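Report on the structure given below.
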Amino acid sequence: MRRIAAVALAAGTLMTGMAVVSTPANATVTTKAAAAHKWVPYNSYGSIRAWGTYSRSGGNTYVKGYLADDKKNGWTACVRFLFTEGSRSYWSRHKIVGVSQNGTQYNYDGRATVSIAASSSYGSHLYVQECGRNKKTGKYYYGKGKKLF
């Protein structure tokens, strides 16, 4: 049985599995301060979909959502976020990976939907961009970026 997971690649770090965003146990978040806003990137690729919510609280920005690939076509679905603060920026890219029975990970091509999550202390602006990874060449191709705030 194949297992499917989301992978986040950011600043040279590989994080495998379902990313979880949490707040410290003693942190209280008011509903008004952490109001969730919906996000959807521009539809750059027909068989790739991404959607979800983002919120800002305590100087941090939190993103949750889903990434879906609708068909097997030689492309691995991905989406990336750009968090900015002044002249600093932080990229967070999420793609669908499969895990074989022996635990080997591979770039998944086929119908799948995974949950994704990211967070950053950079809170000036947030952008989202749909992307796809060509399975033959391994190159990423990016659609038009969308500014969320």
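Each residue of the sequence shown is one higher than the last, beginning at -12 in my numbering.
Just so it is clear, CB atoms sit at the ideal spot from N, CA and C, and this is done for glycine as well.
Please read these numbers as outputs of a predicted model, since none were measured by experiment.
DSSP places Phe70 in the uninterrupted beta strand (DSSP E) bounded by 62 to 72. Sixteen is the threshold: when 16 or more other Cβ atoms of the shown chains lie within 10 Å of the Cβ of Ser107, as they do, the residue is buried.
With a contact defined as Cβ atoms closer than 8 Å, Cys65 and Tyr114 miss out at about 15 Å.
In this structure Pro28 is not in contact with Ala22, their Cβ atoms being roughly 21 Å apart against a cut-off of 8 Å.
Here DSSP, grouped into helix, strand and coil, assigns Gly39 to strand. Around the beta carbon of Lys134, fewer than 16 other beta carbons sit within 10 angstroms, so the residue counts as exposed. The segment 94 to 108 and the segment 51 to 60 touch, with no fewer than 3 CB-CB distances between them shorter than 8 Å. Shortest Cα-Cα distance from Trp26 to any of Tyr129, Tyr49, Trp78 involves Tyr49.
The beta carbon of Ile103 lies closer than 6 Å to those of Ala(-7), Gly52, Leu54, His81 in the same chain, with the five residues before and after it left out. Cβ atoms of Tyr109 and Arg75 come within 8 Å of each other, at about 6 Å.
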